[in-house]
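**Student:**
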Amino acid sequence: MKKRTLFLVIFLFSFINIAVASQQKIQLYKELNYGMSKNDVLNKYQLESNPQNNSELYGYNQKFLDFEWDMLLTFDSDEKLESVYLETKFDENANKFTSLMSALGKNFSAVYIANDDKNIDLFYIVKTKGNIVCQKIVEDFMMESFDSSSSLNIININNESLQQTLKTANSYIDLLQKSPLNTRQAEIIIQSYEDGSFTLAVDFSAPKMLIQKMQNKTYEQF
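Residues in the sequence shown are numbered consecutively from 15, following the numbering used here.
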């Protein structure tokens, strides 16, 4: 993908622009909520089981933002939904990436970014240096990533959770520790391959619920 295309779409980023929204359930994707049973999911979507992994369901050619995506759903040991992963080919003019960033920007803000070699805590930079400095850092980081890295990950947190933790949290990790249980995360994943092709993916999850689940398992072991 050409640099000038990246430079145009980078301004779609939302840096801690807080918006208030009511939320009763932890919505991962459309009608799919965190903790939904596998049977309920199968009643809503035509999906295929993974014979080698009972915790996964696959769906192909799923319509999202007017594009076709492959979908992977991950469940826990109790067959409760944990995450929704969508992947598609990266188009040359970056229409899919632009549409995805624009859609997420309505309810999410970028808080963390990483590539093969390094990572940047955007939440910390915004808190300490402001939005303008953060935007410049992200622009440079993305250009560098597409030049010399095979992957780029952008973690976004829903604005309602950011609003509740903005004054007390000082970093992305601190944010996760202090965020409410209904916090939603959307991680954008761009992967490049040796043949010059790219894939674009987004992984919807409930990070605080997953952290709590891991902590509970640790306590049970003791």
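For every residue, glycine included, the Cβ atom is placed at its ideal position computed from N, Cα and C.
Tell me, to the nearest whole angstrom, how far the beta carbon of N170 is from that of Q205; I am working on the premise that it is less than 8 Å.
**Tutor:** Not confirmed; about 17 Å, so no contact.
**Student:** Taking only the alpha-carbon atoms, compute the straight-line gap between N129 and M223 and give it to the nearest angstrom.
**Tutor:** 25 Å
**Student:** So V55 packs on L87, CB below 8 Å; how close in whole Å?
**Tutor:** About 6 Å separates the two Cβ atoms, so the contact holds.
**Student:** I need the straight-line Cα distance from F89 to I146, nearest angstrom please.
**Tutor:** 39 Å
**Student:** How about S185 and D135: do their beta carbons lie closer than 7 Å?
**Tutor:** yes
**Student:** Exposed or buried, what is Q66 when buried is set at 16 or more other beta-carbons lying within 10 Å of its beta-carbon?
**Tutor:** exposed
**Student:** May I have the straight-line CA-CA distance separating F218 from I151, to the nearest angstrom?
**Tutor:** 25 Å
**Student:** For the segment 164-226, which segments carrying the beta strand (DSSP E) assignment without a break, of at least 3 residues, lie completely within its bounds, in sequence order?
**Tutor:** 165-172, 199-206, 212-219
**Student:** Compare the Cα-Cα distances from Q149 to each of K132, S165, I127 and report the closest residue.
**Tutor:** I127
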